[in-house]
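Below is one structure, written out as structure tokens; the observations come after it.
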Amino acid sequence: MSDSFAIRKRSRSGREQERNGAASFFRGLELDLVERIEFFQAFIREPVSVGALSPSSRALARAMIQGCNLQDADTVVEMGPGTGAFTGLIRERIGKETTFVAIELERNNARCLKRRFPDLIVHNDSAERMPEYLAQHRKKTADVIISGIPWANLQSVVQDRIMNGVMASLASDGVFTTFGYVHARWLPNARRFRQMLECHFVRVETSSVIWGNFPPAFVYRCAQSGTSPAAASGAPSPR
Ligand SMILES: C[S@@+](CC[C@H](N)C(=O)[O-])C[C@H]1O[C@@H](n2cnc3c(N)ncnc32)[C@H](O)[C@@H]1O
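All residue numbers for the sequence shown refer to the numbering used here, where the first residue is 104 and numbers rise by one.
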């Protein structure tokens with residue numbers, strides 16, 4: 104093989120790599136755009152229960168799973184996963200044997216999730232029925248419950264029903280995480296929700312504000328045991 108041929112071949116394979124790289128970059132953008140459009144359409148259909156214009160950021164997803172020992176969890180539940188802003192990261196972090204159940208109310212979001220993650224267990228229903236779904240998977244409790252539900256938008260009676268399900272289903276050393284938007288923090292329903300967390304959990308931690316999310320948000324990390332969930336898993340304690 105002549106040198107010039109080798110150089111031509113190398114540069115062609117370099118161009119192919121560039122083309123493949125660009126193609127996967129645009130495929131990623133396209134998927135991201137599709138997800139955003141689908142999420143926005145869900146918001147138009149059900150503004151109150153969807154509660155946001157676009158999916159949460161990766162920064163919020165990271166804050167949501169901080170302090171959750173996903174790797175060693177037997178069972179993890181995600182309530183209100185939307186189009187999967189937290190789901191991908193949860194899937195990356197759970198152990199091989201972990202049962203991961205997602206419960207999403209909005210039909211098209213549930214469909215989008217199933218398309219993005221074909222092997223994910225998705226129940227298109229209200230998280231009020233979480234204990235029944237756990238029983239279907241022969242589980243009594245979950246070690247980690249991660250919620251994307253817009254609590255501040257829910258009627259008190261629905262807040263109560265979902266929270267009762269969380270309390271009935273969370274393992275005694277389990278962790279429950281959820282988030283709120285900074286701008287809605289002082290609304291009556293948001294304050295009621297905070298009080299509800301403090302009544303039910305021994306420990307309620309609030310993260311610092313995740314400014315990288317739109318709109319800016321913060322995370323509640325709650326546990327029934329006295330040890331800090333973040334400390335227990337070796338993660339830094341949020342402010
Ligand atoms: C603010 S979006 C968050 C979606 C996603 N976790 C994220 O952060 O991008 C709230 C999601 O919770 C779902 N949801 C609202 N009420 C629910 C309920 N009772 N049970 C299950 N999902 C619910 C909505 O359909 C919506 O997909």
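From the three backbone atoms N, C-alpha and C, an ideal C-beta is built for every residue, glycine too.
Of R161, P150, Q144, F142, the smallest CA-CA separation from N316 is found for R161. The beta carbon of S159 sits closer than 7 Å to at least one heavy atom of ligand 1.
Each residue's CA atom was taken as its position, placing M182 and S311 some 22 Å apart. In this structure, the C-beta of E141 stays at least 7 Å away from each heavy atom of ligand 1. Assignment of F282 by DSSP, reduced to helix, strand and coil, places it in the strand class. In the DSSP assignment, N227 falls within the unbroken beta strand (DSSP E) covering 224-227. Contact fails between the stretch 216-225 and the stretch 147-155, because fewer than three Cβ pairs, one in each stretch, are under 8 Å apart.
Taking 8 Å as the cut-off, the beta carbon of A238 is found no closer than this to the beta carbon of G283. Here I206 is buried, its C-beta having at least 16 other C-beta atoms within 10 Å. In this structure, ligand 1 has no non-hydrogen atom nearer than 7 Å to the beta-carbon of N292.
Secondary structure of R288 (DSSP, three-state): coil.
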